[in-house]
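Numbering (the numbering used here), first residue to last: 14 to 210. Don't be surprised by glycine CBs; every beta carbon is placed ideally from N, CA and C. Keep in mind that this is a model prediction, so the values were computed, not measured. Comments concern the structure below.
In structure tokens form, the structure reads like this:
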């Protein structure tokens with residue numbers, strides 16, 4: 014594990030996993046982050062590849078409304094906070110998530126050789142706290158794939174598609190594939206985000 018990755022993980026604010034339903038409508042406090050002087054919020058490195066602007070739409074603070082539909086269960090709608098900023102000299106996106114059920118962070122870096130994004134999710138307390146991600150911006154949508162997710166049916170790819178992107182809002186839907194991306198089915202959650210700053 015690199016020193017930079019360890020430092021980024023050290024910024025994650027961890028809360029315990031709460032029981033479903035007991036605090037779904039609880040007010041979530043804002044995420045507070047004090048950046049290092051050389052890693053300012055909202056400052057993409059001007060010398061980095063131009064493709065880094067693909068993640069500009071998510072930089073800032075967001076109120077998120079998530080609807081979770083477990084198989085065979087009733088839909089659950091709840092609120093979360095999402096704080097996204099540039100770190101590591103403005104070359105890596107760090108996304109801090111705080112919700113009533115889980116809190117964690119996601120790191121995104123652009124791989125110029127591959128022409129796509131790679132990353133890592135860290136959600137302490139979840140069944141799979143470390144998860145590899147890849148992402149690609151295509152046709153005005155950001156598509157993030159979370160690899161090697163597991164459930165009772167087996168291992169699957171979890172695809173999050175960010176769409177209807179504007180300055181102050183966007184939507185996300187999820188899909189999953191149990192055959193390495195050959196076929197996809199509707200996922201268990203979707204999200205609407207509105208900018209707070």
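Residue 202 and residue 110 - do their beta-carbons sit closer together than 8 angstroms? Going by C-beta atoms, residue 110 is not nearer than 8 angstroms to residue 202.
Own chain, CB closer than 6 angstroms to residue 57, minus 5 neighbours either side, in chain order: Contacts found: 65, 99, 103.
Exposed or buried, what is residue 70 when buried is set at 16 or more other beta-carbons lying within 10 Å of its beta-carbon? buried
Do residue 168 and residue 158 have their beta-carbon atoms positioned less than 8 angstroms apart in this structure? no
Got a sec? Which residues, its chain only, sit under 8 angstroms from residue 193 by beta carbon, not counting five neighbours each side? The residues are 170.
Does the separation of the CB atoms of residue 141 and residue 163 fall below 8 angstroms? yes
Do you know how far the Cα of residue 172 is from the Cα of residue 199? 10 angstroms
With burial defined as no fewer than 16 other Cβ atoms inside 10 Å of the residue's Cβ, what is the status of residue 121: buried or exposed? buried
Go through its chain and collect everything with a Cβ distance to residue 26's Cβ below 6 angstroms, but skip five positions before and after it. Bear in mind that the predicted position of residue 26 carries a pLDDT of just 30, short of 50, making it unreliable; the figure below should be weighed with that in mind. The answer is none, since no qualifying residue turns up.
Between the beta-carbon of residue 149 and the beta-carbon of residue 131, is there less than 8 angstroms? no
Short of 6 angstroms in beta carbon distance, which residues of its chain neighbour residue 178, apart from the five on each side in sequence? Order them along the chain. 70
Just how far apart, CA to CA, sit residue 86 and residue 123? If you draw a straight line from the Cα of residue 86 to the Cα of residue 123, it is about 38 angstroms long.
Look at residue 117 and residue 137 and say whether their C-beta atoms are less than 8 angstroms apart. yes
Going by C-alpha distance, which of 165, 189, 183, 133 is nearest residue 106? 133
Determine the burial state of residue 96: buried for a count of at least 16 other Cβ atoms within 10 Å of its Cβ, exposed for fewer. buried
Secondary structure at residue 206, three-state DSSP: helix, strand or coil? strand
With H, G and I counted as helix, E and B as strand and the rest as coil, what does DSSP make of residue 51? With a pLDDT of only 48 at residue 51, under the threshold of 50, the placement of this residue in the model should not be trusted; the figure read from the coordinates follows. Residue state, collapsed to three classes: coil.
Which value, in whole angstroms, describes the spacing of the CA atoms of residue 101 and residue 83? 37 angstroms
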